[in-house]
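Here the structure comes first, spelled out in structure tokens, and everything after it is commentary.
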Amino acid sequence: MTQDMNARLDGLNEEVKNLGKVMLSLRYEDLKLTFCEQMGKAVEDYSRFRLRSDVASLTSCTPCPNRIECGDQLQEVIMGASKALMENRSTDAWESLNGAESMIRSTSSPCTDGTCTQNALIVLGRAKTAVELFESMKERLALPAVCPATPVRPSPQEIADLLQPLSHPKRLEILEALREG
Numbered sequence: 033m034t035q036d037m038n039a040r041l042d043g044l045n046e047e048v049k050n051l052g053k054v055m056l057s058l059r060y061e062d063l064k065l066t067f068c069e070q071m072g073k074a075v076e077d078y079s080r081f082r083l084r085s086d087v088a089s090l091t092s093c094t095p096c097p098n099r100i101e102c103g104d105q106l107q108e109v110i111m112g113a114s115k116a117l118m119e120n121r122s123t124d125a126w127e128s129l130n131g132a133e134s135m136i137r138s139t140s141s142p143c144t145d146g147t148c149t150q151n152a153l154i155v156l157g158r159a160k161t162a163v164e165l166f167e168s169m170k171e172r173l174a175l176p177a178v179c180p181a182t183p184v185r186p187s188p189q190e191i192a193d194l195l196q197p198l199s200h201p202k203r204l205e206i207l208e209a210l211r212e213g
């Protein structure tokens, strides 16, 4: 009987370990998805508030007649890149930012103020840095290609199926017998 009990306890112990591993992996996946979501929101907030105010100050410090139109276009590019990043279209975000930078640097740029041009390039550089940071963190965590709005959680039935072996009546009898000595 003792050998049989030891074998059963070993089996129970193994099942508990496996359950622990499954639960730990579920928690880690939830953590990664939540982190992805929060990083995306942080990049969006940074684009919306910080970079938008940078664009506003850029347009207010120059006498250039194109400043308002250029500021609006720059803001549109940055917000579009942020939206593309949130929709997991980082290639589109890069293309948008690089396209705006190329246009500003080109000889056909409508900008007539050198200081304004430099400030616009600085703002674009900050936006590119935010995109790069988000992609780097996503890569390091090996996040899924798409970050769902809400983390996928196991259904109550899946959890019950995982816990079911632990509540088998024979196992409970063994545990009670061991506790009583």
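Numbering (my numbering), first residue to last: 33 to 213.
Glycine included, every Cβ here is placed at the ideal spot set by N, Cα and C.
Query raised in the report: So, helix, strand or coil for residue 179, using DSSP?
Result: Translated into positions along the sequence shown, residue 179 becomes position 147. Confidence at residue 179 is low in this model, with a pLDDT of 47, below 50, so its placement is unreliable and the value that follows should be read with caution. The answer is coil: DSSP assigns residue 179 none of H, G, I, E or B.
Practice item. Could you check the C-alpha separation between residue 114 and residue 136 for me, to the nearest Å? Key: For this step, residue 114 is matched to residue 82 along the sequence shown. For this step, residue 136 is matched to residue 104 along the sequence shown. So the two alpha carbons sit approximately 19 Å from each other.
Nearest to residue 105 by CA position, among 67, 123, 156, is which residue?
Residue mapping note: residue 105 aligns to position 73 of the sequence shown, counting from 1. It is 156.
Should residue 143 be labelled buried (16 or more other beta-carbon atoms within 10 Å of its own) or exposed?
Numbered from its first residue, the sequence shown carries residue 143 at position 111. Burial state of residue 143 is buried, judged by a 10 Å Cβ sphere holding 16 or more other Cβ atoms.
* Terminal residues of the alpha helix (DSSP H) in which residue 166 lies -> Walking along the sequence shown from the start, residue 166 turns up at place 134. Residue 166: member of the alpha helix (DSSP H) spanning 146 to 172, first to last residue.
Next item on the list: Please check if any C-beta of chain C sits within less than 8 Å of the C-beta of residue 164.
Entry: The question asks about chain C, but that chain is absent: this structure has only one protein chain.
Touch check for the segment 158 to 165 and the segment 188 to 195: three-plus C-beta pairs under 8 Å?
Flag = no, the segment 158 to 165 and the segment 188 to 195 do not touch.
task: May I ask which residues mark the beginning and end of the alpha helix (DSSP H) holding residue 122?
output: Along the sequence shown, one-based indexing puts residue 122 at 90. Segment 122 to 137, the alpha helix (DSSP H) holding residue 122.
Contact between the segment 37 to 48 and the segment 118 to 134: three or more CB pairs below 8 Å? Cβ pair count under 8 Å is below three, so no.
* Asked: With respect to the alpha helix (DSSP H) encompassing residue 106, which residues constitute its N-terminal and C-terminal limits?
  -> Position 74 of the sequence shown holds residue 106. Where residue 106 is concerned, the enclosing alpha helix (DSSP H) stretches over 99 to 118.
Quiz item: alpha helix (DSSP H) containing residue 189: first to last residue?
Solution: The count along the sequence shown starts at 1 and reaches residue 189 at position 157. Counting along the chain, the unbroken alpha helix (DSSP H) around residue 189 starts and ends at 188 to 195.
For residue 83 and residue 95, the rounded distance between their alpha carbons: Here residue 95 corresponds to residue number 63 of the sequence shown, with the count starting at 1. Here residue 83 corresponds to residue number 51 of the sequence shown, with the count starting at 1. Taking the straight line from one Cα to the other gives about 21 Å.
**Q.** C-alpha distance - residue 98 paired with residue 167, whole-angstrom precision
**A.** Taking the sequence shown and counting its residues from 1, one reaches residue 98 at position 66. Taking the sequence shown and counting its residues from 1, one reaches residue 167 at position 135. Approximately 33 Å, taken between the alpha carbons.
For residue 203, report the span of its alpha helix (DSSP H) as first-last. As a first step, residue 203 is located in the sequence shown; it is residue number 171 there, counting from the start. In the DSSP assignment, residue 203 falls within the unbroken alpha helix (DSSP H) covering 201 to 212.
**Prompt:** Can the beta-carbon of residue 46 be found closer than 8 Å to that of residue 198?
**Reply:** The count along the sequence shown starts at 1 and reaches residue 46 at position 14. The count along the sequence shown starts at 1 and reaches residue 198 at position 166. Taking 8 Å as the cut-off, the Cβ atoms of residue 46 and residue 198 do not count as close.
* DSSP on residue 34, reduced to helix/strand/coil? -> Taking the first residue of the sequence shown as 1, we reach residue 34 at position 2. In the structure shown, residue 34 sits in a helix (DSSP, three-state: H, G or I).
Identify whether residue 68 lies in helix, strand or coil by the three-state DSSP scheme. Numbered from its first residue, the sequence shown carries residue 68 at position 36. Residue state, collapsed to three classes: helix.
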